[in-house]
Amino acid sequence: MYFAALLARTEDGWEASDTELDDVETLSDLADLAREASPDEDTVLVLIEQEDAWFGVVRLDGEDDPRIYVSDAAAAARSSYGEILLTDELLGREPGDDDPDLDALDLDGTEDGEDEDDDTGDGGSAEAVPHGPVGDTGILDDLGVSEKELLSLSEDALTEIAGALGASEVLETVR
Numbered sequence: 072m073y074f075a076a077l078l079a080r081t082e083d084g085w086e087a088s089d090t091e092l093d094d095v096e097t098l099s100d101l102a103d104l105a106r107e108a109s110p111d112e113d114t115v116l117v118l119i120e121q122e123d124a125w126f127g128v129v130r131l132d133g134e135d136d137p138r139i140y141v142s143d144a145a146a147a148a149r150s151s152y153g154e155i156l157l158t159d160e161l162l163g164r165e166p167g168d169d170d171p172d173l174d175a176l177d178l179d180g181t182e183d184g185e186d187e188d189d190d191t192g193d194g195g196s197a198e199a200v201p202h203g204p205v206g207d208t209g210i211l212d213d214l215g216v217s218e219k220e221l222l223s224l225s226e227d228a229l230t231e232i233a234g235a236l237g238a239s240e241v242l243e244t245v246r
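Our numbering numbers the first residue of the sequence shown as 72 and each following residue consecutively.
In structure tokens form, the structure reads like this:
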């Protein structure tokens, strides 16, 4: 189960809208959806939460590139919505590095049963997607949530973020 909302800053404060991500396949799609929420090119935050396992914040300021923060990249990587946020750039990879390098694989005939050290169960992608936070930890600094506070959030993170922004009531209306 996931929850996603858009918070758009207006001259009257924050406006929230529930958003459905079923038609969103890329970060570009998500950015377009967020920009539609603010025709005046004000700040828009996309808040995404997946079953209290991870949360993500995408910030758009006008036509600037999206800024992204994900609380737990490894957990987000197991979610189709998390995969939207975990861009190659965010993970420090070159575009197209998703495919394993066949020259780097150890194919000595002893593969069966030898990957007991790999507790991820996903063939070693743990190296590509780190456990823990990734992205712009200063994404909300100017809005009242410091880097340290953002990194310490876990359960009910979106509510705490909305509280710091003064947007608790509007977020609760769409929850």
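Glycine included, each C-beta is placed from N, C-alpha and C at the ideal position.
query                                                                                                                                     : result
Cβ atoms of P204 and Y140: under 8 Å apart, would you say?                                                                                : yes
Would you kindly report the start and end of the unbroken alpha helix (DSSP H) that includes L229?                                        : 228–236
By how many angstroms is the C-alpha of A235 removed from the C-alpha of D213?                                                            : 11 Å
Let me know the alpha helix (DSSP H) ranges lying completely inside the stretch 83–135, each 4 residues or longer, listed in chain order. : 98–107
Grouping DSSP H, G and I as helix and E and B as strand, with all else coil, what is V200?                                                : coil
Where does I210 sit, in a helix, a strand or coil, going by DSSP?                                                                         : coil
Contact check, V117 vs A75 under 8 Å by CB: the rounded distance?                                                                         : 7 Å
Spatial neighbours of G215 within its chain, please: C-beta separation below 7 Å, excluding the five flanking residues on both sides.     : A235, L236
Which residue wins for smallest C-alpha separation from S142, given the options A238, M72, E96, E120?                                     : E120
Give the DSSP-derived three-state secondary structure of L78 in the structure shown.                                                      : strand
May I have the straight-line CA-CA distance separating H202 from D94, to the nearest angstrom?                                            : 27 Å
In whole angstroms, what is the alpha-carbon distance linking T230 and V241?                                                              : 11 Å
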